[in-house]
Ligand SMILES: [Zn+2]
Ligand SMILES: [Zn+2]
């Protein structure tokens, strides 16, 4: 598939409240034309759908010009080709070849809460490991900006630990400033709201309450984003998560790997949530160190796919799922995990194909089960498909790379044959 074909797909990454809005955003050019025709025939809703589509175009940013109507002439085929699936591609607006891939950890601690490393040492350690993006997420404490570390104080817990477990602590609790620009890094403001189900809060200085929904509402009012952390520590039903994701647009993600893989059931929970929310409401998966000491650093990260390294580009990638998650159980000294180079979606032929290097296996997961293996998958040959499909790549040393979920909406004969 050519770059033009890939870039024609746009995905706003927003929660969509109505079926009409969904249709305008997720479908390919060919399908849009089909649906617009149907809508118009059904009572004049076509123009609303079409204007919705036009409104989506600029969301594609730098690559939106590829959406020009002259890019192809699908009209003749529209009458004869009915796609069996509408595939929502979270990467559809990316230019994999031109964009950069940046290592990001969105969950880590320092001595301003219960970590054992001072903030500047944490930052230096991540930089040395090639990370470009770091969110320090101390418990209910905003360790930001990096240029003011020297004015911050260690937590009372850290002060006590200087006596009780001195061997685990730094020699001093004096902090040094760091300048992310000079380090070639993006520093994300945030913290871990910890008085309820732990939750990462980003682009916000809000420090939380004991009520999760109050914290969510305040984070949103503060212009922040939020991700639920290590759900395996709690015993909440799937529906509890589904409700939250449906109600809070800025709740963009779920941690599916934490501190190595402390809660392996978190991917199963993620799948169960996706089963209920996709394709309308994607929930992006993340892998985070949740580092409290040096031994936790460098086992988990997220590779962000960005047109440039900037706070704005990172935020957009978090909102839209422009990332894949990585688990490297042997840490920085272990073998390098696979690198995802592209996922090519062809919804006319209902195929998805992974291009990667360093992988030994590709599994495709839908409805919580592996439905196929191999780099390329044809949906019409699969059984047991749910409302999404995602790929997991395996590499040397037990490394795992996971894509974000692709939404699946059957249409035509596929819709009739599926129990949905
Ligand atoms: Zn936590
Ligand atoms: Zn934590």
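Residue numbers (our numbering): 1 to 420.
Glycine included, each C-beta is placed from N, C-alpha and C at the ideal position.
None of these values were measured; they are calculated from a predicted model.
Inter-residue Cα distance where the pair is residue i and residue j
| i | j | result |
| --- | --- | --- |
| residue 390 | residue 221 | 32 Å |
| residue 312 | residue 164 | 42 Å |
| residue 387 | residue 99 | 28 Å |
| residue 367 | residue 380 | 16 Å |
| residue 294 | residue 349 | 48 Å |
| residue 170 | residue 154 | 11 Å |
| residue 353 | residue 241 | 30 Å |
| residue 377 | residue 105 | 30 Å |
| residue 194 | residue 292 | 15 Å |
| residue 370 | residue 210 | 38 Å |
| residue 276 | residue 401 | 23 Å |
| residue 179 | residue 151 | 14 Å |
| residue 330 | residue 345 | 32 Å |
| residue 308 | residue 122 | 24 Å |
| residue 365 | residue 372 | 7 Å |
| residue 97 | residue 91 | 12 Å |
| residue 116 | residue 168 | 7 Å |
| residue 406 | residue 94 | 14 Å |
| residue 429 | residue 198 | This structure gives no information on residue 429, because the portion of the chain shown stretches from 1 to 420. |
| residue 166 | residue 232 | 31 Å |
| residue 422 | residue 263 | A question about residue 422 goes unanswered here, because the residues of the chain that appear run from 1 up to 420. |
| residue 302 | residue 261 | 14 Å |
Pick from the options that is closest to residue i, judged by C-alpha positions
| i | options | result |
| --- | --- | --- |
| residue 396 | 357, 101, 408 | 357 |
| residue 177 | 145, 405, 409 | 145 |
| residue 230 | 241, 205, 208, 257 | 257 |
| residue 305 | 103, 89, 86 | 103 |
| residue 174 | 271, 393, 90, 162 | 162 |
| residue 339 | 318, 320, 227, 361 | 361 |
| residue 289 | 90, 274, 110, 93 | 110 |
| residue 461 | 345, 409, 337, 351 | Residue 461 is absent from the model: the chain starts at 1 and stops at 420. |
| residue 269 | 308, 228, 302, 250 | 228 |
| residue 321 | 287, 327, 330 | 287 |
| residue 314 | 88, 101, 95 | 101 |
| residue 112 | 149, 95, 87 | 149 |
| residue 382 | 408, 399, 398 | 408 |
| residue 462 | 89, 183, 159, 86 | Because the chain spans 1 through 420 in this model, residue 462 falls outside it and cannot be assessed. |
| residue 274 | 185, 223, 246, 363 | 246 |
| residue 326 | 398, 236, 181 | 398 |
| residue 186 | 159, 363, 302, 131 | 131 |
| residue 196 | 166, 236, 160, 159 | 236 |
| residue 181 | 166, 147, 261, 159 | 147 |
| residue 89 | 239, 374, 342 | 342 |
| residue 267 | 355, 249, 334, 238 | 238 |
Supposed close pair residue i, residue j - CB separation, criterion 8 Å
| i | j | result |
| --- | --- | --- |
| residue 259 | residue 323 | No, residue 259 and residue 323 are not in contact; Cβ-Cβ is about 19 Å, not under 8 Å. |
| residue 107 | residue 192 | 7 Å |
| residue 411 | residue 84 | 6 Å |
| residue 284 | residue 253 | 4 Å |
| residue 189 | residue 142 | 7 Å |
| residue 219 | residue 206 | 5 Å |
| residue 251 | residue 272 | That pair is no contact at about 17 Å. |
| residue 394 | residue 359 | 6 Å |
| residue 208 | residue 215 | 5 Å |
| residue 87 | residue 347 | 4 Å |
query = Is the stretch 284 to 298 in contact with the stretch 122 to 139, if contact means three or more CB pairs nearer than 8 Å?
reply = yes
Would you call the stretch 190 to 210 and the stretch 134 to 150 touching, i.e. three or more CB-CB distances under 8 Å? yes
inquiry  = Please enumerate, following chain order, all residues with a beta carbon closer than 5 Å to at least one heavy atom belonging to ligand 2.
reply    = 192, 290
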